[in-house]
Amino acid sequence: MAITDSRHLNKVLKPIHLWAIGVGLVISGDYFGWNLGWAVSGTIGFLIATLIITLLYITFIFSYTELTTAIPHTGGAFAYAYRAMGPIGGLIAGYATLIDFLFATPAIAFGLGAYVHFLYPNITVINSAIFFNIIFILINIWGIKESAIFSVFITLLAVAELLMFMGVVSPHFKLHNFLNNPLPFGFSGVFAALPYAVWFYLAIEGVAMVAEEVKDPRRNIPIGYISALITMVLLALGVMIFTGGITDWHKFSALDYPLPAAISEVLGKGSHLTGLFTSIGLFGLIASFHGTILGSSRQVYAMARSGYLPRVLSQLSQKFKTPHWALIASGLISILALYTGTTQQIVILSVMGAIMMYMLSMISLFILRKKEPNLLRPFKAPFYPLFPAIALLISAITFFTMIYYNFMLSLVFFSGLVIIVFIFILLGKHKIELIEDFMVPPINQELIKNR
0 MAITDSRHLN KVLKPIHLWA IGVGLVISGD YFGWNLGWAV SGTIGFLIAT LIITLLYITF
60 IFSYTELTTA IPHTGGAFAY AYRAMGPIGG LIAGYATLID FLFATPAIAF GLGAYVHFLY
120 PNITVINSAI FFNIIFILIN IWGIKESAIF SVFITLLAVA ELLMFMGVVS PHFKLHNFLN
180 NPLPFGFSGV FAALPYAVWF YLAIEGVAMV AEEVKDPRRN IPIGYISALI TMVLLALGVM
240 IFTGGITDWH KFSALDYPLP AAISEVLGKG SHLTGLFTSI GLFGLIASFH GTILGSSRQV
300 YAMARSGYLP RVLSQLSQKF KTPHWALIAS GLISILALYT GTTQQIVILS VMGAIMMYML
360 SMISLFILRK KEPNLLRPFK APFYPLFPAI ALLISAITFF TMIYYNFMLS LVFFSGLVII
420 VFIFILLGKH KIELIEDFMV PPINQELIKN R
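Under numbering that gives the first Met the number 0, think of the first position of the sequence shown as 0, with each following residue one higher.
Here's what the structure looks like:
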């Protein structure tokens, strides 16, 4: 299946852009969603779950970076799984990645809407969410360089805002508040909380989806990934611990706006500083929302370019060199999800897609180490095979835990997968060899690099 579109994405991204995209993709997880884990595990239970998931992401990102630098393709896990396992493996990884990003976008849109509603009760959550969808689709159509510059600006503001939050609430932290009913459901609650802990870091893997738009990807991608991960580990632990010690943590365990609620607990809801904080807090949600739209559109574009989705979705704007139809399609799916699901349901579906993608990526890493030992690997996973094995094991435990606690949503997830695979086989696409840059033999990749 040859690629007929000769146009290419612009290579303009540097490490600072990758750091901003990586942190921006993830940082909304500090603003909402994670607190739902308290309801099923308590503070200590959720802390344990978060430390387990932090270990997952440390081992996963260091392993995933090997794949990203060896095969710098905008399809991410789709490209790695195809190269390792063939068409069906690529399809399943692509489906999982699409679910990850396509559902992360409306989940964050719900959070944005909730923050705006907290500030202006007359504006409904759904109207705000749809408004942000439209605006950020247009920003991403405008161009990747302009989009990346915006990411740097908005992400720096979001990080500064979280540091300000911790500075305001930390003097009010009391250990006995954090340790109040810390493990209400025992260690079973730790397992139930794993998907909400994933929300702290979910989508950082989206940096891989702009790999074709990075200058010197083999050098710059590891720098961007690792610096983003360090930033998010420190922010996640700080926000969770300080918020849990302000007052009775139960007050925040079901809200879509836990940080404004925590600030209002300290300063009073009528305080001008509370309103200011909530307004600034929109930056973190906007950063992630912007990033997930970017990531989901690139995944749609990559799969359409390879013939796994309608070809029209792989067309690039003549003026801006961005995948405008992929952006529009992703936005429409996001709006549809806003009307059909709750924040909690959408978060679980997004995490389910992400965890399946993590497992397939680690399996692909093991296969490619054996199948293509001479593949150019500018960055190799440290402590191989230990790091990818840990990432695979924790991912598998998390995945089966989600199925156990969310059986009906799991049926929805797997029903979609079965339908997609059935159509794929019915059309005979599994018999067609895909010819793309990520399928070039290793020796030729070395020649390409040295041109």
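Here a beta-carbon is modelled for each residue, glycine too, at the ideal position from N, C-alpha and C.
Terminal residues of the alpha helix (DSSP H) in which residue i lies
{"i": "ASP29", "result": "ASP29 -> no alpha helix (DSSP H), and no H or E assigned at all."}
{"i": "ASN405", "result": "Counting along the chain, ASN405 falls outside any alpha helix (DSSP H), and DSSP gives it neither H nor E."}
{"i": "TRP324", "result": "323–339"}
{"i": "PRO503", "result": "With the chain covering only 0 through 450, there is no way to say anything about residue 503."}
{"i": "ILE378", "result": "Rather than Ile, the amino acid found at residue 378 in this sequence is Phe. From DSSP, PHE378 is part of no alpha helix (DSSP H); its letter is neither H nor E."}
{"i": "PRO259", "result": "257–266"}
{"i": "VAL197", "result": "186–197"}
{"i": "VAL39", "result": "35–69"}
{"i": "HIS175", "result": "174–177"}
{"i": "TRP141", "result": "124–141"}
{"i": "THR277", "result": "271–304"}
{"i": "LYS369", "result": "342–370"}
Cut-off 6 Å between Cβ atoms - residues of its own chain near residue i, not counting five sequence neighbours on either side
{"i": "PRO14", "result": "ASN219, ILE222, GLY223"}
{"i": "THR397", "result": "LEU193, ILE354"}
{"i": "ILE447", "result": "In this predicted model, ILE447 has a pLDDT of only 41, less than 50, meaning its place in the structure is not dependable; the value taken from the coordinates is given anyway. Excluding residues within five positions, none has a Cβ falling inside 6 Å."}
{"i": "TYR403", "result": "none"}
{"i": "ALA80", "result": "GLY88, GLY89, ALA92, LEU359, SER363"}
{"i": "LEU97", "result": "GLN298"}
{"i": "ILE136", "result": "LEU326, GLY330"}
{"i": "ILE52", "result": "ALA196, VAL197"}
{"i": "ILE279", "result": "GLU160"}
{"i": "SER409", "result": "ILE402"}
{"i": "ASN449", "result": "Confidence is the limiting factor: at ASN449 the pLDDT is only 43, short of 50, which leaves the residue's position unreliable and the question unanswerable from this model."}
{"i": "ILE419", "result": "TYR94"}
{"i": "ALA83", "result": "SER363, ILE366, LEU367"}
{"i": "VAL115", "result": "ILE122, SER127"}
{"i": "ARG6", "result": "Summary for ARG6: the model assigns pLDDT 47, below 50, so the residue's position carries little reliability; its value from the coordinates is reported in the next sentence. The residues are LEU315."}
{"i": "ILE57", "result": "none"}
{"i": "GLU445", "result": "Residue placement at GLU445 is poorly supported in this model, since its pLDDT is 44, which falls under 50; the coordinates still yield a value, given next. LEU375."}
{"i": "LEU416", "result": "TYR94"}
{"i": "GLY352", "result": "ALA95, ILE98, ASP99"}
{"i": "GLY185", "result": "none"}
{"i": "PHE276", "result": "ILE262"}
Residue(s) in a DSSP beta bridge with residue i
{"i": "VAL213", "result": "LEU12"}
Contacts around residue i, its chain only, beta-carbon distance under 7 Å, and the 5 residues preceding and following it disregarded
{"i": "PHE413", "result": "none"}
{"i": "ALA38", "result": "SER252, ALA253"}
{"i": "LEU66", "result": "TYR79, SER360, SER363, LEU364"}
{"i": "VAL151", "result": "ILE15, HIS16, ALA19"}
{"i": "GLY36", "result": "PHE45, ALA48, ALA192, TYR195, ALA196"}
{"i": "PHE190", "result": "THR400"}
{"i": "MET452", "result": "Within the shown structure, residues of the chain are numbered from 0 to 450, placing residue 452 beyond reach of any answer."}
{"i": "ALA261", "result": "VAL168, THR242, ILE245, PHE251"}
{"i": "ASN180", "result": "GLY41"}
{"i": "GLN344", "result": "LEU408"}
Cβ separation of residue i and residue j, assumed to be a contact under 8 Å, to the nearest whole Å
{"i": "VAL350", "j": "LEU201", "result": "6 Å"}
{"i": "TRP33", "j": "ALA196", "result": "7 Å"}
{"i": "VAL238", "j": "ASP99", "result": "About 22 Å separates the two Cβ atoms, so there is no contact after all."}
{"i": "ILE334", "j": "ASN139", "result": "ILE334 to ASN139, Cβ: 15 Å. No contact."}
{"i": "LEU315", "j": "ALA328", "result": "Incorrect: roughly 14 Å between the Cβ atoms, too far for contact."}
{"i": "HIS171", "j": "ILE245", "result": "5 Å"}
{"i": "PRO257", "j": "PHE109", "result": "Going by Cβ atoms, the distance from PRO257 to PHE109 rounds to 13 Å, so no, they are not a contact pair."}
{"i": "ASP255", "j": "THR342", "result": "6 Å"}
{"i": "ILE125", "j": "LEU337", "result": "6 Å"}
Contacting residues, own chain, Cβ-Cβ under 8 Å from residue i (five flanking each side not counted)
{"i": "TRP141", "result": "PHE319, THR321"}
{"i": "PRO309", "result": "ALA303"}
{"i": "ILE225", "result": "ILE60, PHE61, THR64"}
{"i": "LYS10", "result": "GLU211, GLU212, VAL213, LYS214"}
Are three or more beta carbon pairs between the stretch 61–77 and the stretch 384–394 nearer than 8 Å? yes
Three Cβ pairs or more, each shorter than 8 Å: is that satisfied between the stretch 284–297 and the stretch 12–31? yes
Examine the Cβ distances between the stretch 39–56 and the stretch 263–281 and report whether three or more of them are shorter than 8 Å. no
Cβ contact check for the stretch 154–168 and the stretch 276–286: 3 or more pairs under 8 Å: yes
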